[in-house]
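Numbering-wise, the sequence shown is residues 1094 to 1270 according to this note's numbering.
Beta carbons are placed, not taken as given, at the ideal position from N, Cα and C, and that holds for glycine.
As the structure is a computational prediction, the values presented were derived from the model and not from experiment.
I have placed the structure first, in the form of structure tokens, so that the comments after it can refer back to it.
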Amino acid sequence: MRKKNNKTAVTVVLMLMVVFGMLGLGSVFNPPRSPAQEPATNQPAGFAERDATRKLALSCTLDSLTKFHIHPHLQIVVNGKNEIIPANVGITVDCMRPIHTHDTSGEIHVESPEEIDFTLGDFFAVWQEPFSSGQILDYRVNSGHEILMTVDGRPSGEFENLVLRDQQQIVIEYRIK
Ligand SMILES: [Zn+2]
């Protein structure tokens, strides 16, 4: 009797494992659709392209895969003081993003397996800090403060949409109006 009960229990456990296993397999074969896979309706022009560069920017890469290697330079000034752009943005023990930093000099390394128009927004996405015409890091534009951006000394209104180029000198300034 006791032996039979044990056998029944084992059978039930096995059946449960099979059912859950099938459910698990089902979700592998039918992964939930990510927003990127949705039909491109009502999306602004260029969205798909920007989405593709963002995906690549956030992927992992290896030195040996580098086909595209440029170095723009970024400086962030908040109320007259330089903000430190950290070393090793985009680098962890097991992953290197195609856009990263090695030191605190403001030099951005773009080392990508694909030559693609990465944007300044892609760098901030890797850094996981906000940047737009309305906000830089924790500093928001308001009635008393503004954000100005220059590229190679000339004013730019491109903000996060600026395409990164080799040796570009990008300055983002948050200041009192
Ligand atoms: Zn480099």
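Are any of the Cβ atoms in chain D nearer than 7 Å to that of Arg1268?
Of the chains in the structure shown, none is chain D; there is only one protein chain.
Distance cut-off 6 Å: His1166 Cβ against heavy atoms of ligand 1:
Checking the Cβ of His1166 against ligand 1 gives no.
How about Ile1201 and Phe1216: do their beta carbons lie closer than 7 Å?
Yes. Within cutoff.
Assuming Gly1183 contacts Ile1192 under a Cβ cut-off of 8 Å, what Cβ separation, rounded to an integer in Å, is found between them?
Your pair Gly1183 and Ile1192 checks out as a contact, with CB atoms roughly 6 Å apart and the cut at 8 Å.
Give me the residue from Ala1145, Glu1176, Ile1169 and Leu1230 with the minimum Cα distance to Glu1207.
Residue Ala1145 is the option with its Cα nearest to Glu1207.
Excluding the five sequence neighbours on either side, which residues of its own chain have a C-beta within less than 6 Å of the C-beta of Ser1205, listed in chain order?
Non-local C-beta neighbours of Ser1205 in its own chain, meaning closer than 6 Å and more than five positions away in sequence, comprise Phe1161 and Pro1191, ordered along the chain.
Sufficient close CB pairs (3 or more, under 8 Å) joining the region 1231–1247 to the region 1258–1266
With the cut-off at 8 Å, the region 1231–1247 and the region 1258–1266 touch.
Over what stretch of residues does the beta strand (DSSP E) that includes Glu1239 continue unbroken?
Run containing Glu1239: His1238 to Val1244, per the beta strand (DSSP E) assignment.
Just reading off the alpha helix (DSSP H) that Glu1256 is part of, what are its end residues?
Just to set this straight, residue 1256 is Val in the shown sequence, not Glu. It is not in any alpha helix (DSSP H) - Val1256 carries neither H nor E in the DSSP assignment.
Separation of Gln1221 from Leu1155, as counted between CA atoms:
Cα-Cα distance, rounded: 21 Å.
Segments assigned beta strand (DSSP E), at least 3 residues, entirely inside the region 1129–1212:
Within the region 1129–1212, the complete beta strand (DSSP E) runs of at least 3 residues are 1161–1163, 1166–1171, 1174–1176 and 1202–1205.
Determine, using beta carbons only, whether Val1203 and Ile1163 come nearer to each other than 7 Å.
Yes; because the gap between Cβ atoms is below 7 Å, this pair is in contact.
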